[in-house]
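Going line by line, the protein sequences match chains S and U.
One rule links them: number in the numbering used here = place in the first sequence (from 1) + 22.
One rule links them: number in the numbering used here = place in the second sequence (from 1) + 22.
We put the beta carbon where it would ideally sit given N, CA and C, even for glycine.
Computed from a predicted model, the values in this text were never measured in an experiment.
One structure below.
There are 2 protein chains.
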Amino acid sequence: MSGVNTLIRCWAHHTGSGTDGCPPERKNMVVNTQTPAPNRRMILNAFSMNCVSHIQQGLWVRADSRQTEYLKLDPWLQLARIAEAGCLDSIFLADVMGLYDNYQGNADISFKQAVQVPANDPMLLVPAMATVTKDLGFAFTSSVLQAHPFTFARQLSTLDHLTNGRIAWNVVTSYLPNAGDNLGFDGLPPHAERYARAEEYLEVVYKLWESSWTDNAVIIDREAQIYADPSKVRRINHHGQHYDVQGPHLSEPSPQRTPVIFQAGMSDRGRNFAASHAECVFVVRTSTHAIPGIRKDFEKRLNEKGRSISEIKLIGGVSPIVGGTEKEAINKKNEYLEQLSVEGGLVHMSGQTGVDLGEIDPSMPLDDFKTERIQGVVKNLIDTAPPRTRTFGDLIRNNLSGAWLVGSDEQVANELQNRFEAGLDGFNLTYSVTPGTFVDFIEGVLPILQKRGLAQTEYTPGTFREKLFGHPRLPESHPSADHRYQ
Amino acid sequence: MSGVNTLIRCWAHHTGSGTDGCPPERKNMVVNTQTPAPNRRMILNAFSMNCVSHIQQGLWVRADSRQTEYLKLDPWLQLARIAEAGCLDSIFLADVMGLYDNYQGNADISFKQAVQVPANDPMLLVPAMATVTKDLGFAFTSSVLQAHPFTFARQLSTLDHLTNGRIAWNVVTSYLPNAGDNLGFDGLPPHAERYARAEEYLEVVYKLWESSWTDNAVIIDREAQIYADPSKVRRINHHGQHYDVQGPHLSEPSPQRTPVIFQAGMSDRGRNFAASHAECVFVVRTSTHAIPGIRKDFEKRLNEKGRSISEIKLIGGVSPIVGGTEKEAINKKNEYLEQLSVEGGLVHMSGQTGVDLGEIDPSMPLDDFKTERIQGVVKNLIDTAPPRTRTFGDLIRNNLSGAWLVGSDEQVANELQNRFEAGLDGFNLTYSVTPGTFVDFIEGVLPILQKRGLAQTEYTPGTFREKLFGHPRLPESHPSADHRYQ
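Laid out in structure tokens, this is it:
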């Protein structure tokens, strides 16, 4: 089916629903006829979080979801086994270090709907999941506000050793004020300050990972009783604005040294940060027509940093809802749609935007919004509302389901191919229910993608970076390379 | 054999070695005839570290040690399985956040002999080991200098959830100046300041663990779509000298909430800290005759804090060398003795004491030390040298092997019983080789202890605290109880 013109019809056309979460540009899209570049393959990550309710608020109540079991090892071991059985590239774990607490001025609905709270540490799931997998990568989120870089760098190296080099770090700078208040920053430091801190944080960890031990420092000569050559280990003596770190790194060089760097912020500053440091960029919900522009934008920014667009992978976010036939998928979607929590969505969006959406009655028709009375986030939301969105609540529901790809296995495969050929390198698969969403995808959609040569059928040997890029270390153009101790 | 008068003969009497690591008070000791108090049982922990060489420097070169495989999951999974097969209480993981770098003014020998460097993060071994065990506890070390208490408390809660309440935290304040320099403290903060910080650190984590969520805050009512009751979760609003933490804790209450608290510092300030906070105190190498005094001292200190001696367990450190018969054990001991690294021991001791022992020639006879020329650490060392110690190197070798208990399975069991009856509640078993030391102990000594009713033959159900103390939460007398949110 590769390269065939295939009409992708949005499920909204079949259901006539006005709250379908289907952005206008997804209608009547045509799959590009161009064949994929040789060796180019779709990166596929299972996107999750060590909590009850990650993105699609309200669905945790379903009996077929294991999300309320997040406290136990078993659902995570199961997820890891499923992901590796599907040759997925990684499990990508999101995180926050604070509450969504600005909706109606408190966190009440956050707790009721479990909107990313409770939320446990993601990093600690990795060693457990590593015991039942051999090739699966593990990407997890850690904010530069939450851990001292010396401690964090050693934790990353420890994980990279234990997993034989399967670790990626999603670098974030936090956006919830409560995170700042929890970590001693007296509120969230301003955006620019957080990114300045992130720059120094990365400088410190690069020095620890790359600059402390040479590749051949560890000898392990039992007869001579020499484990490591002291002349090949050095202190880093970092003295900066935020950190003073003497070193050396206490971990010997791990398979990847610097783990694969993920980044997600889509602000101008965030994109520049990604252009400097990232190897994978999570561009979240990206409509097909916007992809080439985003790709161009990143190409330009990377070039300005002396890097090439081939050095990063652009990862979109999708939530496949499949059920064999299109009809089954639509039935499933309709069930989900009813169970989505509009309040949970409002909480999530209020926290993400920093604007309390709690004063707006969700049942208020969009037509009643006088554009002169609204501005900012709310105006943007209403301006980008899909046609036939009736109420503000429908708009929120649309947002919650915005990443949904609903259809038969083949229809979803087609749409993924379409976006892949438009310039995305892969997808974070967001769950509606876990592990069901991932199982359905792997059983239904994945074999089609594999048959078309778009998705891998077996893992490439080596570290996560080797699997993604074919080379073990970051290229010379990456800022970490400046610190390399040869 | 329980309660029988048994002559324990120190192996030194058989070998005539002057460098035997056998303190004088261990000679001709008699096992108390008193029977153990009902329900009193010996706590047994496997003591290790996520590194090549923990305490008995030099032995990592042995072919029968797996310590050079510390970077991989497999030896840790094996160790966990062995420990649980032996019904040990826990694996207790030590840690440092810096180099031993004052011996001869540098860290050269540290790297050569792998003296606790490289050293990886201990916490990240726990989730992996949890996947292959059900009852084994996990105690690990984390310094109050290395992690922000908000981040750390969530990591502990995450682990406590994943393991169904099997976590203990060994609270330390660091002693290596390089740890301070690595973590932005410009050297190690003074002793008193570190303990003051530790007090506040504990106050913060107690508030997060005990004061944030009520026991019944989490409802999980699917029909009503309510995960948690917001009226039963509150911020902690801690504002102190070192930390400002708003909260609430992001983790819902874990099985133990506050993990079991271990402590090891034997300074006056350290003992007071333990008297306030600890549930298990590692009193390291404790001669039998000194045990009642230590117990009395702790009793007095605990009483001053409104606690009772029954609220803590005193854990000694021993390194059993057994081999079936006494002769086999002695042969093994002689092999180990030859392989111990005096230089490694000097590095370790220099770091621990803060005094560079690098200017002393290890071959120098003790008789040549003019007592008027030496003072401080070196004088203390020489003053407490066992008889027939010839050279300074022998003294160091003696120190490295100071925790050795060498003999037949029964002889070692007798000596453990002796110390147990003198007032120790249990032992951290230090390895010479891993997992061999633990296997030998579990196969040989443990069945004898079990037969005598001194060691458990199966696990008590429940959390680690329930297994140790019979109750799930810390008693009202513990400072954490002040913060309880009912």
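For the alpha helix (DSSP H) that L101(S) lies in, which residues bound it at each end?
Along the first sequence, one-based indexing puts residue 101(S) at 79. It spans 95 to 107 - the alpha helix (DSSP H) in which L101(S) sits, taken as one unbroken run.
R176(U) versus chain S: which residues are under 7 Å apart at the beta carbon?
Working through the second sequence from its first residue, we reach residue 176(U) at position 154. Neighbours of R176(U) on chain S, chain order: N142, D143.
With distances taken Cα to Cα, identify the nearest neighbour of R176(U) among P144(S), L184(S), F160(S).
One-based indexing of the second sequence puts residue 176(U) at position 154. Measuring from the Cα of R176(U), the nearest candidate turns out to be P144(S).
Determine the chain S residues that contact A116(U) at a beta-carbon separation under 9 Å, and present them in chain order.
Locating residue 116(U) in the second sequence gives position 94, where the first residue counts as 1. Near A116(U) there are no residues of chain S at all, since even the closest Cβ is about 13 Å away, more than 9 Å.
What does G339(S) pair with, by DSSP beta-bridge criteria?
As a first step, residue 339(S) must be located in the first sequence, where it is residue number 317. In the DSSP output, where bridge partners are listed per residue, G339(S) has N450(S).
Using the rule of at least 16 other Cβ atoms within 10 Å of the residue's Cβ for burial, across every protein chain shown, is G445(S) buried or exposed?
On the first sequence, residue 445(S) is found 423 positions in, with the first residue counted as 1. Per the 10 Å Cβ criterion, buried.
Apart from the five residues on each side of it in sequence, which residues of its chain come closer than 6 Å, Cβ to Cβ, to T155(S)?
Along the first sequence, one-based indexing puts residue 155(S) at 133. Excluding residues within five positions, the ones whose Cβ falls inside 6 Å are A102, E106.
Reduced DSSP category for F414(S) - H, G, I as helix; E, B as strand; rest coil
Indexing the first sequence from 1 puts residue 414(S) at position 392. Three-state result, F414(S): helix.
Roughly how far, in whole angstroms, is the beta-carbon of V364(U) from the beta-carbon of R419(U), given that I think they are within contact range, below 8 Å?
Looking up residue 364(U) in the second sequence gives position 342. Looking up residue 419(U) in the second sequence gives position 397. Right, the Cβ-Cβ distance comes to about 6 Å (below 8 Å), so this counts as a contact.
Mind checking who N67(S) pairs with in its DSSP beta bridge?
As a first step, residue 67(S) must be located in the first sequence, where it is residue number 45. Answer is S112(S), N450(S).
Span separating the alpha-carbon of E554(S) from that of R474(S):
Only positions 23 to 508 of chain S appear in the structure, and residue 554(S) is not among them; the question remains open.
Relative to the alpha-carbon of Y122(S), which residue among L115(S), D130(S), A116(S) has its alpha-carbon at the smallest distance?
Counting from 1 along the first sequence, the entry for residue 122(S) is found at position 100. The candidate whose alpha carbon is nearest that of Y122(S) is D130(S).
Pairwise C-alpha distance: N192(U) and R506(U)
Position 484 of the second sequence, counted from the first residue, corresponds to residue 506(U). Position 170 of the second sequence, counted from the first residue, corresponds to residue 192(U). If I take the Cα positions, the gap works out to 22 Å.
Show which residues of chain U have a CB atom less than 7 Å away from the CB atom of A152(S).
In the first sequence, counting from the first residue as 1, residue 152(S) sits at position 130. Result: L95, A150.
Along chain U, which residues have their Cβ under 7 Å away from the Cβ of N200(S)?
Counting from 1 along the first sequence, the entry for residue 200(S) is found at position 178. Near N200(S) (Cβ distances below 7 Å), the residues of chain U are Q268.
Expressed to the nearest angstrom, what Euclidean distance is found between the alpha-carbon atoms of L324(U) and I331(U)?
The residue labelled residue 324(U) in the question sits at position 302 within the second sequence. The residue labelled residue 331(U) in the question sits at position 309 within the second sequence. The alpha-carbon atoms of L324(U) and I331(U) are separated by roughly 6 Å.
Residues near V6(U) in its chain [Cβ-Cβ closer than 7 Å; skip 5 each side]
In the structure displayed, chain U extends from 23 to 508; residue 6(U) sits before or after that span and is not available.
Taking the runs of the beta strand (DSSP E) that are 3 residues or longer, which of them lie wholly in the region 150 to 176 of chain S?
159 to 165
Report yes or no: do three or more beta-carbon pairs, one from the region 92 to 101 of chain S and one from the region 168 to 187 of chain U, lie closer than 8 Å?
yes
Looking at C-alpha atoms only, which residue of T375(U), L362(U), L471(U) is the closest neighbour of V83(U)?
Along the second sequence, read from residue 1 onward, the residue named residue 83(U) stands at position 61. For the residues T375(U), L362(U), L471(U), the minimum Cα distance to V83(U) belongs to L362(U).
Q508(S) (DSSP reduced to helix, strand or coil):
In the first sequence, residue 508(S) corresponds to position 486, counting from 1. Residue state, collapsed to three classes: coil.
At 7 Å on the CB atoms, spell out the chain S contacts of D203(U), in chain order.
The count along the second sequence starts at 1 and reaches residue 203(U) at position 181. Under the 7 Å cutoff, chain S gives Q268.
Measure the beta-carbon distance from F160(S) to A116(S) and round it to whole angstroms, keeping in mind my assumption that it falls under 8 Å.
By one-based count along the first sequence, residue 160(S) stands at place 138. By one-based count along the first sequence, residue 116(S) stands at place 94. Incorrect: roughly 13 Å between the Cβ atoms, too far for contact.
Completely contained alpha helix (DSSP H) runs for the region 173 to 250 of chain U, where each covers 4 or more residues:
199 to 204, 213 to 233
In the DSSP output, what is P387(U) paired with across the bridge?
Counting from one through the second sequence, the residue named residue 387(U) turns up at place 365. DSSP output for P387(U) lists T413(U) as bridge partner(s).
Interface residues of chain S facing P252(U) [CB-CB closer than 9 Å]
In the second sequence, counting from the first residue as 1, residue 252(U) sits at position 230. Correct list: N128, A129, D130, I131, S132, F133, K134.
Would the beta-carbon of V227(U) fall within 8 Å of that of F174(U)?
By one-based count along the second sequence, residue 227(U) stands at place 205. By one-based count along the second sequence, residue 174(U) stands at place 152. Cβ distance < 8 Å, so V227(U) and F174(U) count as in contact.
Could you check what DSSP says for D319(U) in three-state terms: helix, strand or coil?
In the second sequence, counting from the first residue as 1, residue 319(U) sits at position 297. D319(U): helix per DSSP, three-state reduction.
Between G415(U) and chain S, is the shortest Cβ-Cβ distance under 8 Å, so that the two count as touching?
In the second sequence, counting from the first residue as 1, residue 415(U) sits at position 393. So no, G415(U) is outside the interface.
Could you please give the first and the last residue of the uninterrupted alpha helix (DSSP H) stretch that includes G398(S)?
For this step, residue 398(S) is matched to residue 376 along the first sequence. Per DSSP, G398(S) belongs to the alpha helix (DSSP H) from 398 to 405.
If you run the structure through DSSP and keep just helix, strand and coil, what is V428(S)?
If you number the first sequence from 1, residue 428(S) lands on position 406. Note: V428(S) maps to strand in three-state DSSP.
Any heavy atom of the ligand MN inside 7 Å of the beta-carbon of R441(S)?
Absence of the ligand MN is noted for the structure shown, with no ligands found whatsoever.
Spatial neighbours of T482(S) within its chain, please: CB distance less than 7 Å, with the 5 preceding and 5 following residues excluded, ordered by chain position.
Counting from 1 along the first sequence, the entry for residue 482(S) is found at position 460. Excluding positions up to five away in sequence, the list reads E488, K489.
Report buried or exposed for K355(S), applying the criterion of at least 16 other Cβ atoms within 10 angstroms of its Cβ.
Reading the first sequence from its first residue, position 333 is the one you call residue 355(S). So K355(S) counts as buried.
Using 10 angstroms around the beta-carbon of P314(U), count the other beta-carbons present and answer buried if the total reaches 16, otherwise exposed.
In the second sequence, residue 314(U) corresponds to position 292, counting from 1. Classification of P314(U): exposed, given that the 10 Å Cβ count is below 16.
Apart from the five residues just before and just after L496(S), which ones in its own chain have a Cβ nearer than 7 Å to its Cβ?
What you label residue 496(S) is simply residue 474 of the first sequence in a count that begins at 1. Counting only Cβ-Cβ distances below 7 Å, and skipping sequence neighbours, we find T280, S502, A503.
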